[in-house]
């Protein structure tokens, strides 16, 4: 994947202080139209918060000249250290995710990207088959 004019910055979310990571079955939600209120109505599954924190330990912010092309996404949430429910759109193929509230893209470090994508793919499959 090629990112046009990407510039890296440090992170501003303390990922190690997040908790209660969830993945949502959001078929029917329009692109980037999820809100904490809307998302509560969808089936969800808890993710392994420690595993997510490990993946996010060296995440970088990305600034794009143009927004990347989305070929599919997951919607996930976590609770921040101040108790706020935060939503993220996670690319199903690119190793990046998006905070639509702050309009910030983050990228998973390259050496962890395949594990990240595999973990989320398996979590989504389990969510789809759960009753």
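In our numbering, the protein residues as written are -15 to 115.
Glycine included, C-beta positions come from ideal geometry on N, C-alpha and C.
This one's a predicted model, so the numbers in the text were calculated from it and none came from an experiment.
task: Using three-state DSSP, classify residue 46 as helix, strand or coil.
output: As a first step, residue 46 is located in the chain shown; it is residue number 62 there, counting from the start. If DSSP states are grouped into helix, strand and coil, residue 46 belongs with the strands.
- prompt: With distances taken from CA atoms, which of 96, 106, 108 and 114 is nearest residue 39?
  reply: Working through the chain shown from its first residue, we reach residue 39 at position 55. Here the closest residue by C-alpha is 96.
message: Need the endpoints of the beta strand (DSSP E) that residue 33 sits in, please.
response: Position 49 of the chain shown, counted from the start, is the residue given in the question as residue 33. First-last for residue 33: 33 to 39, but that is the alpha helix (DSSP H), not the beta strand (DSSP E).
- prompt: Rounded to a whole number of angstroms, what is the C-alpha to C-alpha distance between residue 2 and residue 25?
  reply: Working through the chain shown from its first residue, we reach residue 2 at position 18. Working through the chain shown from its first residue, we reach residue 25 at position 41. One C-alpha to the other measures close to 22 Å.
- prompt: Taking three-plus beta-carbon pairs below 8 Å as touching, is the stretch 84 to 91 in contact with the stretch 43 to 60?
  reply: Output reads yes: the stretch 43 to 60 touches the stretch 84 to 91.
field: Euclidean distance between Cα positions of residue 101 and residue 66
entry: Along the chain shown, read from residue 1 onward, the residue named residue 101 stands at position 117. Along the chain shown, read from residue 1 onward, the residue named residue 66 stands at position 82. In this model, residue 101 and residue 66 are separated by some 28 Å (Cα to Cα).
message: My assumption, with CB atoms under 8 Å, is that residue 30 sits in contact with residue 58. Please give the rounded CB distance.
response: Here residue 30 refers to the residue found at position 46 of the chain shown. Here residue 58 refers to the residue found at position 74 of the chain shown. Not really, about 14 Å apart at Cβ, beyond 8 Å.
N-terminal and C-terminal residue of the alpha helix (DSSP H) that residue 106 is part of: Numbered from its first residue, the chain shown carries residue 106 at position 122. In the DSSP assignment, residue 106 falls within the alpha helix (DSSP H) that extends over 94 to 113.
- request: Could you tell me the distance, in whole angstroms, from the CA atom of residue 4 to the CA atom of residue 46?
  value: Numbered from its first residue, the chain shown carries residue 4 at position 20. Numbered from its first residue, the chain shown carries residue 46 at position 62. Cα-Cα distance, rounded: 25 Å.
query: Short check: CB of residue 71 to CB of residue 18, under 7 Å?
result: Taking the first residue of the chain shown as 1, we reach residue 71 at position 87. Taking the first residue of the chain shown as 1, we reach residue 18 at position 34. In this structure, residue 18 lies closer than 7 Å to residue 71 by Cβ.
Candidates 99, 109 and 93: closest to residue 44 by CA position: Working through the chain shown from its first residue, we reach residue 44 at position 60. Residue 44 has its Cα closest to that of 93, out of 99, 109 and 93.
- request: Using DSSP bridges, identify the partner residues of residue 73.
  value: Here residue 73 corresponds to residue number 89 of the chain shown, with the count starting at 1. The partner list for residue 73 (beta bridge, DSSP) reads 59 and 82.
message: Quick check: residue 14 and residue 61, are their CB atoms within less than 7 Å of each other?
response: On the chain shown, residue 14 is found 30 positions in, with the first residue counted as 1. On the chain shown, residue 61 is found 77 positions in, with the first residue counted as 1. Not in contact: residue 14 and residue 61 (Cβ atoms no closer than 7 Å).
Terminal residues of the alpha helix (DSSP H) in which residue 23 lies: As a working note, residue 23 is residue 39 in the chain shown. It spans 20 to 23 - the alpha helix (DSSP H) in which residue 23 sits, taken as one unbroken run.
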